[in-house]
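Just so you know, we're using this note's numbering here: the sequence shown kicks off at 13 and counts up by one.
What follows is a single structure, written as structure tokens, with notes after it.
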Amino acid sequence: MKRKCKQILLASLATTVLYFPQAQAAVDIRPDESSQNKIDIYETNYTLNGTTTTISDSYGFIFGGGNEISAANAFSNNINIFDGSFDGIFGGMAALGGNVYSNHIVINGGKITGVVGGLAVWHSGWDVGNVYGNTVVVNGGTVGYISGGEIAYSYPTDGSEPDFSTTPGDVYNNTVSVTGGEVTGGIVGGSALGGNATGNTINISGGTISGDVIGGQTQSGNVAGNTINISGNPDVSGATFYGGLIGSTPSATNNTLNINSWGITAQNVYGFDTLNFNLPYQSDSAALTLTNGSTDLSGLKSFNVSVRGDSDIGTGSTLTILQNDNGIIDAAEIYNGKMTRGVTFDYDLALALSSDGKSISGTVGNHDEPNEETETTDKAQVANVITINNGTDNLITSFDDYLSGNIAEDADGYFLGNGESDSNDENSGDRAQKAEEVRETHGFEIFGNAGYGHLKTSTGDGGRVKTESSNFDLGLARTYEGSRNRWTVAPVVEHGKGNYDAFLSTGVKGYGNTKYTAGGLIARNVNTSGYYLETSFRFGRSKNDFASDDFKDSSGNLI
13 MKRKCKQILL ASLATTVLYF PQAQAAVDIR PDESSQNKID IYETNYTLNG TTTTISDSYG
73 FIFGGGNEIS AANAFSNNIN IFDGSFDGIF GGMAALGGNV YSNHIVINGG KITGVVGGLA
133 VWHSGWDVGN VYGNTVVVNG GTVGYISGGE IAYSYPTDGS EPDFSTTPGD VYNNTVSVTG
193 GEVTGGIVGG SALGGNATGN TINISGGTIS GDVIGGQTQS GNVAGNTINI SGNPDVSGAT
253 FYGGLIGSTP SATNNTLNIN SWGITAQNVY GFDTLNFNLP YQSDSAALTL TNGSTDLSGL
313 KSFNVSVRGD SDIGTGSTLT ILQNDNGIID AAEIYNGKMT RGVTFDYDLA LALSSDGKSI
373 SGTVGNHDEP NEETETTDKA QVANVITINN GTDNLITSFD DYLSGNIAED ADGYFLGNGE
433 SDSNDENSGD RAQKAEEVRE THGFEIFGNA GYGHLKTSTG DGGRVKTESS NFDLGLARTY
493 EGSRNRWTVA PVVEHGKGNY DAFLSTGVKG YGNTKYTAGG LIARNVNTSG YYLETSFRFG
553 RSKNDFASDD FKDSSGNLI
């Protein structure tokens, strides 16, 4: 049985399987523990949990933890591949009901037949666990087949066809990311047998991809909520994209394709109910060009376009979104779409199939009111005002402290000169003497202050702003004594900076920094009647920045 299970069959499409043959005279890596192993692999040596081993033969199979007959959960294994040739790499593996989760593989180079982030093996008549939260990242090298998470089966010993309906294990929330290198045999985010494949993600931002790229697949369960993201400038001209597959039939339920670059060419797309084009605009090409067979959009429910805020696209513009010279099967329900420009305005987008049935274009209509999410940018101005106001309070406090500490007065408010004192304040004479000495020598006295503030402010619309700020000021004060009043005048410079979090009642959050630099004049006049007049004049420059992780396009996807 053990030898039979080692020849793993991994379901890749409904009618085909991927077979990893047993290598001859090869080095397999199988840690004793099923979980929390760390393996770094180079062409001629590898390090397992801190111990380095030199090899003279080629590599065979690499197991991050667990194996094909172990019921122990396999989790938190980390494999880093830098070079070498491999028959297969498994981040974690379990059987007989064991779960496989949170395993991580990074491919930086080498040549690999197949990579699976997490694998649960089903033996006919036995339990099978769930596979979730595993990741595979490809930065370089050449890889055949990639799966983020998978439930596979071994041949029944009697040679009969497995009954997948008896294997309910689920595969969910696994991720495959390709930034470089070459993938020749396709990618699957998550693959189940009789269970569900949901919430799996494939990110492609570079490299060359060929074969079927499938968000989620199952033989007899459900596929939903799987996402494929394409950005940057990858070569996917040899790839066919499926949001979901049940057996050999595409299933569109809640599966999404996000195209984040203009001018992408691929074989075809199937099994998506949402297509989002979040991209810069290039008028000389279609956003997505498909080349292999006709495209059936009958399962599509949502078709959305987002362009950069600095684009010149507006009302009346026409965009070519999808092009297939082999034909596009009509999907009438998509022809009232939306286009978002930046994060501010949503435009009506009238989609239409061309008369020859080979392209879908969109004509931009009028825009709605600004998106509610952008109100978080208003909160940046609130934070800026709060920081400047804190600086004002800091300056006034600093000036008052100077006056009370350095300008001595008697009980009636008269200025005390050198050698004079107030009977009600035993220290007033000393302060007066020291202040007079400074004025006689320099004419001005230096004062300053530094402060810190933390303030929560309600904006009256259900939102709020939390601001932290620090300020400092520096001034040169001089006092002029008259017969009935006294002027204290001070030129000042000040600087302040802070950071803030801004919240809308909808849950959208923004954050940023604010700062200012200013100079000016502050003065106080006190007369013998005890009344005083204080004024200040300040000028300067303020600056703030703003960011948010919650801005979304018209389809609800983060921008």
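Where is the CB? At the ideal position from N, CA and C, for every residue including glycine.
Just so we're clear, the structure is a prediction, and the values are computed from it rather than from any experiment.
Quick one: give me the first and last residue of the beta strand (DSSP E) that residue i is part of.
| i | result |
| --- | --- |
| Y492 | 476-493 |
| H116 | 116-119 |
| D224 | 220-230 |
| S203 | 199-203 |
| W134 | 131-134 |
| F284 | From DSSP, F284 is part of no beta strand (DSSP E); its letter is neither H nor E. |
| A84 | Neither: A84 is in no beta strand (DSSP E) and is coded neither H nor E. |
| V39 | 39-41 |
| G313 | Reading off the sequence shown, one finds Lys at residue 313, where the question assumed Gly. Taken as a continuous stretch (DSSP letters only), K313 belongs to no beta strand (DSSP E), as it is neither H nor E. |
| D52 | 50-53 |
| D247 | 247-258 |
| Q335 | 330-336 |
| Y543 | Counting along the chain, Y543 falls outside any beta strand (DSSP E), and DSSP gives it neither H nor E. |
| G72 | 71-75 |
| L302 | 300-302 |
| T65 | 63-66 |
| V92 | First, the amino acid is wrong: residue 92 is Asn here, not Val. Run containing N92: 90-93, per the beta strand (DSSP E) assignment. |
| V150 | 147-150 |
With DSSP as the reference, identify every bridge partner of residue i, one or two as the case may be.
| i | result |
| --- | --- |
| A462 | F484 |
| H507 | F484, T529 |
| F98 | I124 |
| E162 | L131, S203 |
| F176 | Partner(s): none; F176 has no beta bridge. |
| G549 | Correcting the residue type first, residue 549 is Phe in the shown sequence and not Gly. Answer by DSSP bridge pairing, in chain order: L533. |
| V235 | A209 |
| S373 | T332, A364 |
| L467 | T479 |
| T277 | T301 |
Among the options, which one has its Cα closest to the Cα of residue i?
| i | options | result |
| --- | --- | --- |
| G126 | G72, V504, Y144 | G72 |
| N49 | K527, S82, S114, L467 | S114 |
| T399 | F411, G374, K370, L467 | L467 |
| T529 | L309, F289, L545, E506 | E506 |
| A278 | G223, D405, G78, S410 | G223 |
| G152 | Y144, F98, W138, N120 | N120 |
| V501 | L488, G494, N511, Y512 | L488 |
| N290 | G244, S310, N266, V143 | G244 |
| E194 | S68, G202, T220 | T220 |
| F315 | K478, G374, W138 | G374 |
| G305 | Y144, D99, G250 | G250 |
| T330 | L60, G524, A362 | A362 |
| G192 | N338, I242, S88 | I242 |
| G369 | T307, Y414, S410 | T307 |
| V376 | Y414, T327, I341 | T327 |
| G197 | I158, G532, I216 | I158 |
| Q231 | N212, A514, N267, G206 | G206 |
| A462 | F484, N267, N61, L287 | F484 |
| D413 | T479, E480, L486, Q229 | L486 |
| V477 | G460, R490, D513 | D513 |
| F459 | T469, S481, P503, L60 | P503 |
Using the Cβ count rule (16 or more neighbours within 10 Å means buried), how would you classify residue i?
| i | result |
| --- | --- |
| K555 | exposed |
| K509 | buried |
| R536 | buried |
| L312 | buried |
| L407 | buried |
| V188 | buried |
| R496 | exposed |
| N430 | Low confidence applies to N430: its pLDDT is 40, below 50, so where it sits in the model is not reliable, and the reading given next is rough at best. Under this definition N430 is an exposed residue. |
| D182 | buried |
| S24 | Legend: pLDDT at S24 = 33, less than 50; position of this residue unreliable, no value from coordinates given. |
| L545 | exposed |
| S367 | exposed |
| A364 | exposed |
| F549 | exposed |
| A264 | buried |
| S203 | buried |
| F551 | exposed |
| R498 | buried |
| E457 | buried |
Would you please verify whether the beta carbon of residue i is less than 9 Å from any beta carbon of chain D?
| i | result |
| --- | --- |
| G193 | Of the protein chains in this structure there is only one, and it is not chain D. |
So does the segment 159-166 actually touch the segment 131-141, counting three or more Cβ pairs closer than 8 Å?
The segment 159-166, when compared against the segment 131-141, does touch it at the 8 Å Cβ threshold.
The segment 276-288 in contact with the segment 241-257 per 3-pair CB rule at 8 Å
A contact exists between the segment 276-288 and the segment 241-257.
Could you tell me whether the segment 100-109 touches the segment 135-150, using the rule of 3 or more Cβ pairs below 8 Å?
Contact between the segment 100-109 and the segment 135-150 is present, because at least three Cβ pairs lie under 8 Å.
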